[in-house]
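Residue numbers (the working numbering), protein chains in the order written: chain A, -5 to 200; chain C, 28 to 232; chain D, 104 to 300. Ideal placement from N, C-alpha and C gives every residue a C-beta, glycine not left out.
What follows is the structure, given as structure tokens:
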């Protein structure tokens, strides 16, 4: 009798938790492993899309094979390792050779990782894509909105910030209402982008 | 054996007066943050419905086996596992949305509604009834947030689901996409619903 | 700005400009139900600061020293919540034995904390934002203090509100949410005071 109560108060709960943990963790791990391949594919497509977008090349957003095709046609990865090149050499829609470079900088909450696209002069932006950012949703995170990113095309620095929706010359950038810190962080990144790009590309021997 | 009437009541209760969001203002933490975009809210809500339903069924099926002392731990483990499944699935099949939702998917675990329904309902009822309860609690929760997201995105950006609805004549209310907008919208929603319920009660007298 | 000053910036941002409650909506459940009384709000606030700082530390170690080397980061949700629950249980047991006064003051709040989304939120944000160990601690501490300030301010306002006339439909949750919205607006006003980057 005593042994049984000992079993039900001490041993059983532990056994139960162990069994439950094993069952659920293996189920979750199984699902993780079956989707791992897909996740990796997503990530590589994500990077390719970002490069194409920054270079201003049109592509169908939801068609991975097509994106792959356009990418292989237009973009050449230079240096670095597989999947993490130093920079990208791109054939721009105009036919001229452009470059796309990773530029990193501090945001309000964490690092902002962006890919800037340049024309051959390494001065004029062809566009930008923010690959990683942790800005406040609804405020700073609006840097990922289309209209905000589009404003970079054809501009060259050094820049100054103007009120949201007010930029009308090539050295002005729109700020975001309610996200002064993020706007300034992006300004800083944009201002140093050309110089970093020139260094990276020169190191690549061009 | 559950009667038809009980099943129906289990389903309709959380959709109306006993809706967890405006009756008790529970569980808004994890999802309110993503209500500035309708698309994110809908996906997030589906995740919540999936988790409430399946965790309700699982906990209810195991309720006679779960020892009292580790009840909370067991429930948390089950809920967390389902949330991870949601996270992994989103990451593999909807990477864009996954990236925007960020940490908020994980926070479904601490959504008070899921834990609350598990404790209050699934521990005492059959798996079938828990399924209905989980489903309707999830739906009751989802529609409130979807209504909020609808107004926030429409008024804040003039768009719905990323498609421009209101033309150039509309001045975007920046406040709606900022954090305070969510609080105001939810307050207005609670006010309207509660006002209607109070009026109904008065008329019934 | 130098690298070493970054944690300080995170600390103040977490308290004011990006208050975890007012801009990320985390910890709303206990915020709405407990903020009725100033005294209980104070107790819960202190407990949150303590647990948030400690669990952000613990979870950082667990994530970067155990989960990442093993390649099982995808289990972080389960692991984090269990670490938090176990830590809270442990603290409860310790203060129950060590100090009766402390237990009477904080004990009842500890079970509430496990399900406080803000605690888990801090751990998840810390991982997503790639914080270093020191940054994680200051982020946890700052978020805790920010939450504490918000609930204290709310409790003070609600005590005054007891004698105010409010439309019936707005009583309780409604008016609390509106005030929270105003507080969020007010805290946004702090956003000019930080220089990061």
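For the alpha helix (DSSP H) holding residue i, just list the boundary residues, first then last.
i, result
"residue 31/C", "31 to 39"
"residue 142/A", "140 to 144"
"residue 278/D", "276 to 291"
"residue 205/D", "203 to 209"
"residue 168/A", "Where residue 168/A is concerned, there is no enclosing alpha helix (DSSP H), although the beta strand (DSSP E) it sits in stretches over 166 to 168."
"residue 210/C", "206 to 231"
"residue 176/C", "154 to 184"
"residue 109/D", "109 to 118"
"residue 136/D", "131 to 137"
"residue 194/A", "174 to 197"
Between which two residues does the beta strand (DSSP E) harbouring residue i extend?
i, result
"residue 93/A", "91 to 100"
"residue 119/A", "119 to 126"
"residue 236/D", "Residue 236/D -> not in any beta strand (DSSP E); alpha helix (DSSP H) instead, spanning 236 to 264."
"residue 81/A", "81 to 85"
"residue 107/A", "105 to 112"
"residue 155/A", "154 to 156"
Can you tell me whether residue i is buried or exposed, with buried defined as 16 or more other CB within 10 angstroms of its CB?
i, result
"residue 112/D", "buried"
"residue 291/D", "buried"
"residue 348/D", "The structure shown has nothing for residue 348/D, since chain D only spans 104 to 300."
"residue 126/D", "buried"
"residue 120/C", "exposed"
"residue 254/D", "buried"
"residue 226/D", "buried"
"residue 201/D", "exposed"
"residue 104/D", "Low local confidence applies: a pLDDT of 36 at residue 104/D is under 50, so the model's placement there is unreliable, with the coordinate-based value given in what follows. Per the 10 Å Cβ criterion, exposed."
"residue 194/C", "exposed"
"residue 217/D", "buried"
"residue 85/C", "buried"
"residue 34/A", "exposed"
"residue 181/A", "buried"
"residue 114/C", "buried"
"residue 219/C", "exposed"
"residue 236/D", "exposed"
"residue 298/D", "Low local confidence applies: a pLDDT of 48 at residue 298/D is under 50, so the model's placement there is unreliable, with the coordinate-based value given in what follows. The residue in question, residue 298/D, is exposed, as its Cβ has fewer than 16 Cβ neighbours within 10 Å."
"residue 217/A", "In this structure chain A extends from -5 to 200, so residue 217/A is not present and cannot be described."
"residue 158/D", "buried"
"residue 169/D", "exposed"
"residue 250/D", "buried"
"residue 184/A", "buried"
"residue 174/D", "exposed"
For residue i, which residues in the same chain have their Cβ closer than 6 Å to its Cβ, ignoring the five residues on either side in sequence?
i, result
"residue 53/A", "46, 61 and 64"
"residue 188/C", "65 and 66"
"residue 162/D", "183, 186 and 226"
"residue 209/C", "59 and 62"
"residue 176/C", "62, 65 and 68"
"residue 31/C", "none"
"residue 204/C", "63 and 183"
"residue 56/C", "none"
Can you list, in chain order, the residues of its chain whose CB lies under 7 Å from that of residue i, leaving out five sequence neighbours each side?
i, result
"residue 166/D", "179 and 230"
"residue 161/A", "145, 167 and 168"
"residue 293/D", "119 and 120"
"residue 156/D", "240, 243, 244 and 247"
"residue 144/C", "79, 83, 160, 161 and 164"
Only counting the same chain, and skipping five residues up and downstream in sequence, which positions put a Cβ closer than 8 Å to that of residue i?
i, result
"residue 124/C", "66, 67, 70 and 117"
"residue 220/D", "129, 130, 131 and 132"
"residue 194/A", "80, 81 and 95"
"residue 208/D", "146"
- prompt: Does the region 112 to 126 of chain A come within contact of the region 35 to 50 of chain A, defined as at least 3 CB pairs closer than 8 Å?
  reply: yes
- prompt: Where are the alpha helix (DSSP H) runs, 4 residues long or more, that stay fully inside the region 85 to 150 of chain C, in chain order?
  reply: 98 to 120, 122 to 128 and 139 to 144
query: Does the region 110 to 119 of chain A come close enough to the region 188 to 199 of chain A that 3 or more CB-CB pairs lie under 8 Å?
result: Because the criterion of three Cβ pairs below 8 Å is met, the region 188 to 199 of chain A and the region 110 to 119 of chain A touch.
- prompt: On the three-pair Cβ rule with 8 Å, is the region 125 to 137 of chain C touching the region 88 to 96 of chain C?
  reply: no
task: Answer yes if the region 267 to 284 of chain D comes into contact with the region 142 to 154 of chain D, meaning at least three C-beta pairs across the two stretches below 8 Å, and no otherwise.
output: no
query: Are the region 166 to 181 of chain C and the region 243 to 258 of chain D touching, with three or more C-beta to C-beta distances below 8 Å?
result: no
field: Cβ contact check for the region 75 to 86 of chain A and the region -2 to 15 of chain A: 3 or more pairs under 8 Å
entry: no
- request: Please list the segments of the beta strand (DSSP E) lying wholly inside the region 5 to 89 of chain A, counting only runs of 3 or more residues, in order along the chain.
  value: 69 to 72 and 81 to 85
message: Would you call the region 92 to 107 of chain A in contact with the region 20 to 31 of chain A, where contact means no fewer than 3 C-beta pairs closer than 8 Å?
response: no
field: Runs of beta strand (DSSP E) wholly within the region 147 to 226 of chain D (minimum 3 residues, chain order)
entry: none
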